[in-house]
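Heads up: the structure comes next, in structure tokens.
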């Protein structure tokens with residue numbers, strides 16, 4: 001039977017090498033040698049009795065490693081919040097108020113908490129942006145964002161890479177909370193010039209008929225199924241000529257330039273050319289977005305969650 005007591009330094013070593021992708025990078029962050037870092041991870045694996053990381057480039061975690069990495073993230077967050085509460089407390093003071101509780105911010109050393117979150121590119125480029133202004137006022141928090149398609153983001157949470165993620169999945173996993181943020185509306189559009197080139201007669205703000213099986217299309221990337229969802233809804237079974245532009249605003253710029261048609265968030269359309277025309281009388285696809293996060297009693301996580309809900313109100 002294995003003793004599952006885990007040394008915190010060993011757990012932090014695993015998180016560091018995963019974050020940096022290499023043992024050397026993790027060692028630099030920890031301020032120890034690579035050999036010491038490797039030894040900590042080997043000791044942790046020996047104590048647990050399972051391999052925790054894949055020695056690839058970059059380093060990744062195994063299924064067992066995912067559980068330990070999630071534990072490391074939770075420890076990091078809770079340790080930081082505990083230190084915030086203890087900071088400045090005078091243990092000899094009868095009222096429990098620290099001697100320097102009223103000290104100026106520059107007189108108190110505070111290491112900000114890292115909140116790692118997953119955000120899809122379209123949200124990051126549109127309704128999410130006001131959150132940066134809020135984060136700028138949070139001296140005790142820094143955020144690190146992993147960009148992932150809304151349909152593929154949940155594994156980031158499962159693996160422990162992030163403590164919360166925005167996804168289109170309604171059902172969460174064990175030990176998580178799920179809150180609906182709203183729905184992001186996408187509109188299938190193309191330029192009048194492109195439509196005319198492929199035989200569509202544009203009438204006002206719409207057009208008559210166009211063969212979506214041959215009309216060039218712009219796709220975001222290999223994980224993006226949105227355009228194909230629209231094609232399936234229209235009964236198209238062939239794949240049209242397709243360009244790939246894996247950046248939200250550049251994707252919109254490619255559609256605006258006539259490279260192909262694409263689904264663009266309605267919140268972006270107001271900033272684009274009036275030459276863009278909806279592809280049909282029903283050009284919209286609504287994508288529900290949910291905020292999945294660990295089930296932790298964390299003030300900082302709660303603060304971020306509240307900011308997300310305020311910003312997401314733009315979608316409604």
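Numbering (UniProt numbering), first residue to last: 1 to 316. Heads up, the beta-carbon is just placed ideally off N, CA and C, and yes, glycines get one too.
For residue 284, the beta-bridge partners assigned by DSSP are 187. C-alpha of residue 297 to C-alpha of residue 304: approximately 13 Å in a straight line. Bounds of the beta strand (DSSP E) holding residue 277 are 276-278.
Three or more beta-carbon pairs drawn from the stretch 212-232 and the stretch 148-159 are found closer than 8 Å, and the two stretches are therefore classed as touching. In the three-state reduction of the DSSP assignment, residue 156 falls in the helix class, which pools H, G and I. Residue 146 carries a strand assignment under DSSP once its states are collapsed to helix, strand and coil. Between the alpha carbons of residue 130 and residue 123 lies a distance of about 11 Å.
For residue 290, the three-state secondary structure derived from DSSP is strand. Rounded to the nearest whole angstrom, the CA to CA distance from residue 183 to residue 33 is 48 Å. For residue 65 against residue 30, the beta-carbon gap comes to about 17 Å, at or over 8 Å, which does not count as contact. Here the alpha carbons of residue 134 and residue 268 stand approximately 22 Å from one another.
Close CB contacts of residue 80 within its chain, under the 6 Å cut and outside five residues either way in sequence, are with 113 (chain order). Distances from the alpha-carbon of residue 69 to those of 78, 299, 52 put 52 closest.
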